[in-house]
Amino acid sequence: MDMMRGEQIAQADLTDGRKLAQGLHARYLVSEFSTGASFVVAAGRAGDELGHHPIVSIGPGYVDLRLVSDDAIYRDDEGTEHVVQWVTKQDVDEGKEPQQRFHVEVYVAPEVVERRVAAAIAAGGTVVDDTDAPGLTVIADQDGNPGVVCADMSAVRRI
Numbered sequence: 001m002d003m004m005r006g007e008q009i010a011q012a013d014l015t016d017g018r019k020l021a022q023g024l025h026a027r028y029l030v031s032e033f034s035t036g037a038s039f040v041v042a043a044g045r046a047g048d049e050l051g052h053h054p055i056v057s058i059g060p061g062y063v064d065l066r067l068v069s070d071d072a073i074y075r076d077d078e079g080t081e082h083v084v085q086w087v088t089k090q091d092v093d094e095g096k097e098p099q100q101r102f103h104v105e106v107y108v109a110p111e112v113v114e115r116r117v118a119a120a121i122a123a124g125g126t127v128v129d130d131t132d133a134p135g136l137t138v139i140a141d142q143d144g145n146p147g148v149v150c151a152d153m154s155a156v157r158r159i
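Take the sequence shown: its position 158, counting from 1, is numbered 158 in full-length UniProt numbering, and each next residue is one higher.
Structure below.
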C-alpha cells in the first residue's frame with residue numbers, strides 16, 4: 001500500500017491521532033490503570049477485526065496508541081519502490097464512518113421498563129430490536145448509536 005504524505009494525512013481530518021515521525025500517535029487519558037487495560041483489550045479486538053494492530057504503551061493515567069504500516073511503499077525520484085514503515089490508508093481508515101465509541105446498557109426494575117423505553121423514544125430514540133422485550137430492548141439515539149434497556153424478568157409472575 002502506498003505511503004501517505006503529510007498533506008494527505010492532514011486532509012483525513014483525524015480527530016484523535018497526530019502524525020509524529022513515521023506513525024500516527026494518540027494519547028488517551030484514563031482515570032485508572034485497570035481502565036486503561038480494558039481500553040487496550042478493546043483496541044486489540046478492533047485490531048483483530050481489521051487485521052491491523054496498534055503499538056500500545058500503557059501507564060498510570062494514559063494509554064498511547066501508535067499506528068503504522070510495516071509494508072508501506074515509498075517511490076524515490078527514479079521510481080524505485082522501497083518497503084518502509086509509514087502511514088498508509090490502512091492506518092487512517094479513510095472513507096469509513098466513525099464507529100460508536102461506547103455501549104450503554106441500562107438495567108431497570110421490571111415494573112418500570114416500559115416507562116423507560118417510552119421515555120427514551122420520547123427523547124428522540126428509536127427501537128431497533130424489541131424481539132426480547134420487555135427484558136431486553138435495543139434503542140438507537142439520533143446518531144444511530146445503540147443502547148440497551150434491560151430488566152430481569154425471571155422473577156416476574158406470569159398470569
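Think of the CB as a built atom: it goes at the ideal place given N, C-alpha and C, for glycine as much as any other residue. Computed from a predicted model, the values in this text were never measured in an experiment.
| Asked | Found |
| --- | --- |
| The beta strand (DSSP E) enclosing Leu65, as first and last residue numbers | 62-67 |
| Rounded straight-line distance, which links the Cα of Ser69 to that of Val56 | 14 Å |
| Those residues which DSSP pairs with Ile55 across a bridge | Arg66 |
| Coil, strand or helix - residue 161 by DSSP | Nothing in the structure corresponds to residue 161, since the chain is present only between 1 and 159. |
| First through last residue of the alpha helix (DSSP H) which encompasses Ala119 | 113-122 |
| The segment 107-127 touching the segment 73-86, judged by at least three CB pairs closer than 8 Å | no |
| Separation of Val117 from Gly135, as counted between CA atoms | 11 Å |
| Contacts around Gly23, its chain only, beta-carbon distance under 7 Å, and the 5 residues preceding and following it disregarded | Arg66, Leu67, Val68, Val87 |
| From Leu14, Met4, Arg27, Pro60, residue whose alpha carbon lies closest to that of Thr35 | Pro60 |
| Reduced DSSP category for Thr35 - H, G, I as helix; E, B as strand; rest coil | helix |
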